[in-house]
Amino acid sequence: MTDDIRQLWSQDAADATGFTPAEMHARAARLRRRLIRRDAVEYVAGAVVIGAFGFCTVVIPDWGIRVSCIALIIGTLVIMRNLWKQRMPRPPEAMGASSATFYRAELIRQRDSLINVWRWYLAPLVPGTLLFLLMMWRAMAEFMPGGGAMVPIVALLAIDAAVFGAIHWLNRRAARELDAEIEAIDGATPTE
C-alpha cells in the first residue's frame, strides 16, 4: 500500500506537463537569461543609435536632416520603452505560479511579442527613416543634376526595406520555434 502512495507521489512530482518542476524551473531560468542578454544588446544598440543621430543633429547644419534625426531618436526611445514594457516578469516563485504555468505563459507572451514586431519595434522607426531619406534627397538634389540624387536614396530605401523585412522574418521564425516549444509542453500534458 505504501509503495503505491510513494509511486503516486513521485509521479505527481512531474507537473501536469510531464516535466519535473526542476526541469521547468531550469527552462524558465534559461529563457530569462536569454531575454536579459537580448534586452541588454537592444539597449546598447539603442544607445548607439541615439548617440549617432544625436551627434548628427548637432553637427549637420541642414535643418531637415536635423529634424529627421530627432524623429529617429524619438522612434528609438519608443522602441526602448516598448522593450522595457515587454520585459520578462518576476520569477514564478514570486508570483505563486508553478514553474510550468509560468514558463508556458512566458513563452506565449514572447511569441506574441515576436509576431507583432512590426507594430512595436519597426513601426516607430518608419517616420524618421522616411523623413531622413527625403531630407537627404532634398539636400543631395541641390548638388546633383536631375534625378541623380534619387539613385542613392532608392538604394538606401531598398536596403532599409530589406533590413526591416529580415528583422520581421527572423522574429516570425523565432515565434514558430516558440510555438513548437509550447506545443511540446502541451503535448506532454496528460489527457484525462
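Per this note's numbering, the very first residue in the sequence shown carries number 984; after that it's consecutive.
Glycine residues also receive a C-beta, built at the ideal position from the N, C-alpha and C atoms.
These numbers come from a predicted model, not from an experiment.
In chain order, what residues of the same chain lie with their CB nearer than 6 Å to the CB of Gln1069, ignoring the 5 residues before and after it? By one-based count along the sequence shown, residue 1069 stands at place 86. Correct list, in chain order: Ser1096.
Quick check on Met1133: does DSSP put it in helix, strand or coil? As a working mapping, residue 1133 is identified with position 150 in the sequence shown. In this structure, Met1133 counts as helix in the three-state DSSP scheme.
Are the CB atoms of Leu1161 and Leu1090 nearer to each other than 7 Å? In the sequence shown, the residue the question calls residue 1161 occupies position 178. In the sequence shown, the residue the question calls residue 1090 occupies position 107. Result yes, Cβ atoms of Leu1161 and Leu1090 sit closer than 7 Å.
Three-way DSSP call (helix, strand, coil) for Arg1070 in this model: Within the sequence shown, numbered from 1, the residue matching residue 1070 stands at position 87. Here Arg1070 sits in coil by DSSP.
Give me the Cβ distance between Ser1051 and Leu1114, rounded to the nearest whole Å; I'm assuming they're in contact under 8 Å. Stepping through the sequence shown from its first residue, residue 1051 is reached at position 68. Stepping through the sequence shown from its first residue, residue 1114 is reached at position 131. That pair is a contact at about 4 Å.
Runs of beta strand (DSSP E) lying entirely within the region 1009 to 1042, each at least 3 residues, in chain order: none
Exposed unless 16 or more other CB atoms sit within 10 angstroms - verdict on Phe1038: Position 55 of the sequence shown, counting from 1, holds the residue named residue 1038. Answer is exposed; the Cβ neighbour count stays below 16.
Determine the contact status of Phe1085 and Ala1011, defining contact as a CB-CB distance below 7 Å. One-based indexing of the sequence shown puts residue 1085 at position 102. One-based indexing of the sequence shown puts residue 1011 at position 28. Yes, Cβ-Cβ distance for Phe1085 and Ala1011 is below 7 Å.
Quick check on this structure: which residue in Leu1117, Leu1105 and Gly1047 has the alpha carbon closest to the alpha carbon of Phe1147? Along the sequence shown, one-based indexing puts residue 1147 at 164. Taking only the C-alpha atoms, the option nearest Phe1147 is Leu1105.
Ala1158 and Arg1092: beta carbons closer than 7 Å? Translated into the one-based positions of the sequence shown, residue 1158 becomes position 175. Translated into the one-based positions of the sequence shown, residue 1092 becomes position 109. Contact: no.
Apply the 10 Å Cβ neighbour rule to Ile1056 and answer buried if 16 or more other Cβ atoms are within range, or exposed otherwise. Position 73 of the sequence shown, counting from 1, holds the residue named residue 1056. By the neighbour-count rule (16 or more Cβ atoms within 10 Å), Ile1056 is buried.
CB of Arg1156 to nearest heavy atom of the ligand FAD: below 6 Å? Judged by which ligands are present, the structure shown has none, so any question about the ligand FAD falls away.
Determine the DSSP secondary structure at Glu1125, reduced to helix, strand or coil. Position 142 of the sequence shown, counted from the first residue, corresponds to residue 1125. Residue state, collapsed to three classes: coil.
Grab me the residues of Ile1098's own chain with a C-beta within less than 8 Å of its C-beta, minus the 5 sequence neighbours each way, in chain order. Counting from one through the sequence shown, the residue named residue 1098 turns up at place 115. Counting only Cβ-Cβ distances below 8 Å, and skipping sequence neighbours, we find Asn1154, Arg1155 and Ala1158.
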